[in-house]
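Novice:
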Amino acid sequence: RRRVPLAPRRGGWAVALAALALAVAVLLGGLPIGTWLSELDVAPPAGAPQSASEEPLPIVRPSEMVLARARTLYAGGHLRDALKALDRIGIADSFRAEADRLRADIQRDVLAAAGSSSGAPAGESGRP
C-alpha cells in the first residue's frame with residue numbers, strides 16, 4: 007500500500023486562537039456579573055419556615071437500634087431472637103450495660119420457663 011501524505015493543517019492555529027479569545031471574553035464578561043450577584047442582598051422568602059431551635063438532630067447509633075429491636079423481640083416472646091440481637095452489641099459500646107441488663111432479664115425468663123417445664127416427674131416428659 008502506498009501512503010498518501012496528509013496536507014499540513016493550517017486552521018489549527020486559528021481554532022486555538024478563537025478558543026482562547028472566547029475563554030477571555032467569558033472570563034472578562036463574567037466578572038461583572040459575578041460581582042453584581044455577590045452584592046445582591048438575598049433574603050429567604052417570607053413564607054419560608056425558620057428553624058425553631060439550633061439543636062442538632064439526634065444521631066441514632068446502630069447499637070441503639072439493635073437494643074430497641076431486642077426489647078421488641080423480648081416483649082413479643084421471641085427470647086432466642088432477642089438474645090441473638092444482643093450479641094451484635096460490642097463490648098466497648100456505650101449501650102453494652104443496658105444490653106447486659108436486658109440479656110440478664112431474658113436469661114432469667116428462659117431459666118424460669120425451663121424450670122417450670124421440667125417440673126414433670128423423671129419418667130414422664132411433657133410431650134405426647
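Residue 134, in my numbering, is where the sequence shown stops; the numbers in between run on with no holes. We put the beta carbon where it would ideally sit given N, CA and C, even for glycine.
1. Please go through the same chain and pick out, in chain order, the residues whose beta-carbon is closer than 7 angstroms to the beta-carbon of V72, but skip the five residues on each side of it.
2. May I ask you to report which of helix, strand or coil DSSP gives E60?
3. Could you check the C-alpha separation between G35 and V66 for me, to the nearest Å?
4. Measuring straight from C-alpha to C-alpha, what distance separates A25 and G18?
5. Do you know whose CA, among D106, S123, S44 and E60, lies nearest S69's CA?
6. May I ask which residues mark the beginning and end of the alpha helix (DSSP H) holding R107?
7. DSSP three-state label for I95, please.
Specialist: So, from the listed chains and residues:
1. Locating residue 72 in the sequence shown gives position 66, where the first residue counts as 1. Closer than 7 angstroms at Cβ, skipping near neighbours: A91, R94 and I95.
2. On the sequence shown, position 54 is the one that residue 60 refers to. The answer is coil: DSSP assigns E60 none of H, G, I, E or B.
3. Residue mapping note: residue 35 aligns to position 29 of the sequence shown, counting from 1. Residue mapping note: residue 66 aligns to position 60 of the sequence shown, counting from 1. Cα-Cα distance, rounded: 49 angstroms.
4. Within the sequence shown, the letter at position 19 stands for residue 25. Within the sequence shown, the letter at position 12 stands for residue 18. The straight-line gap from Cα to Cα measures roughly 11 angstroms.
5. Walking along the sequence shown from the start, residue 69 turns up at place 63. Taking only the C-alpha atoms, the option nearest S69 is D106.
6. Here residue 107 is taken as the residue at index 101 of the sequence shown, counted from 1. Looking at the DSSP string, the run of the alpha helix (DSSP H) that includes R107 is R102 to S123.
7. One-based indexing of the sequence shown puts residue 95 at position 89. Here I95 sits in coil by DSSP.
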